[in-house]
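Numbering-wise (the working numbering), the sequence shown opens with residue 2 and increments by one.
The next block holds one structure in the form of structure tokens; read it before the comments.
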Amino acid sequence: MRELILGGVRSGKSRLAEQHAQDSGMTVVYVATAEVRDEEMRQRILHHQARRPASWQLVEAGGDLAAVLQREAAVGRCVLVDCLTLWLTQLLCDTDEARLQLEVSELLRVLPDLPGQIILVSNETNMGVTPLGELSRRYCDEAGRLHQQLGQLCERVILTVAGLPLVVKGSL
Numbered sequence: 002m003r004e005l006i007l008g009g010v011r012s013g014k015s016r017l018a019e020q021h022a023q024d025s026g027m028t029v030v031y032v033a034t035a036e037v038r039d040e041e042m043r044q045r046i047l048h049h050q051a052r053r054p055a056s057w058q059l060v061e062a063g064g065d066l067a068a069v070l071q072r073e074a075a076v077g078r079c080v081l082v083d084c085l086t087l088w089l090t091q092l093l094c095d096t097d098e099a100r101l102q103l104e105v106s107e108l109l110r111v112l113p114d115l116p117g118q119i120i121l122v123s124n125e126t127n128m129g130v131t132p133l134g135e136l137s138r139r140y141c142d143e144a145g146r147l148h149q150q151l152g153q154l155c156e157r158v159i160l161t162v163a164g165l166p167l168v169v170k171g172s173l
């Protein structure tokens with residue numbers, strides 16, 4: 002089972018994903034994509050860490066998310082990735098175009114065959130005005146394309162608004 006949970010900042014998407022992982026009854030591996038680059042991000046990470054059960058395994062993913070998922074996914078295991086847009090942002094800022102496209106392609110290639118339950122969390126960024134800056138527009142374009150492709154591959158897609166889940170594909 003592959004599940005994509007989308008939502009805006011502080012929409013409740015991570016909390017919902019964590020609840021689904023907990024409810025799975027499986028061993029949970031939490032794949033964190035955030036890197037501490039400033040104090041504000043450090044505080045966000047600490048907030049997420051405080052919510053997670055101590056029994057969950059933590060894996061910090063770099064740019065090669067597909068390889069991490071292939072290594073960690075297993076029958077009877079739930080892998081929760083939080084979040085894809087942070088992963089994408091770091092690739093946009095730290096790598097060249099070829100590597101960005103390679104990493105996204107690899108993620109899309111391996112996802113359908115992963116065993117166990119996979120929960121992907123990502124920020125839905127394309128519900129407002131088009132950003133003025135070139136990098137911001139590119140980010141929104143890349144995130145939008147990624148979400149469309151993931152939406153096709155995942156059995157369940159949920160949009161989270163005000164802490165409430167709206168099932169877009171599949172059922173709860």
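We treat Cβ as the ideally placed atom computed from N, Cα and C, and that holds for glycine.
For glutamate 61, the uninterrupted beta strand (DSSP E) segment begins and ends at 58-61. Between the segment 147-157 and the segment 104-113, the count of Cβ pairs shorter than 8 Å is three or higher; the stretches touch. In this structure asparagine 127 touches glycine 145 by the C-beta definition: roughly 5 Å separates them, less than 8 Å. In the structure shown, the three-state DSSP call for glutamate 156 is coil.
Annotated three-state conformation of glycine 145 is helix, per DSSP. Proximity of the segment 64-72 to the segment 128-139 falls short of the contact definition, fewer than three beta-carbon pairs being nearer than 8 Å. Secondary structure of alanine 22 (DSSP, three-state): helix. In the structure shown, aspartate 83 adopts extended strand secondary structure according to DSSP, grouped into three states. When DSSP states are grouped into helix, strand and coil, alanine 99 belongs to the helix group.
When the beta-carbon positions are compared, isoleucine 6 and valine 122 come within less than 9 Å of each other. Counting along the chain, no alpha helix (DSSP H) covers alanine 33; the unbroken beta strand (DSSP E) around it starts and ends at 28-33.
In this structure, the CA atom of serine 56 is about 10 Å from the CA atom of tyrosine 31.
Under the 10 Å beta carbon count, valine 76 is surrounded by fewer than 16 other beta carbons and is classified as exposed. According to DSSP, residue pairing for arginine 139 in a beta bridge does not occur. About 5 Å separates the Cβ atoms of isoleucine 120 and glutamate 4, confirming a contact at the 8 Å cut-off. Here serine 106 carries a helix assignment [DSSP, helix/strand/coil].
For the 9 Å CB-CB criterion, glutamine 58 and valine 29 form a contact.
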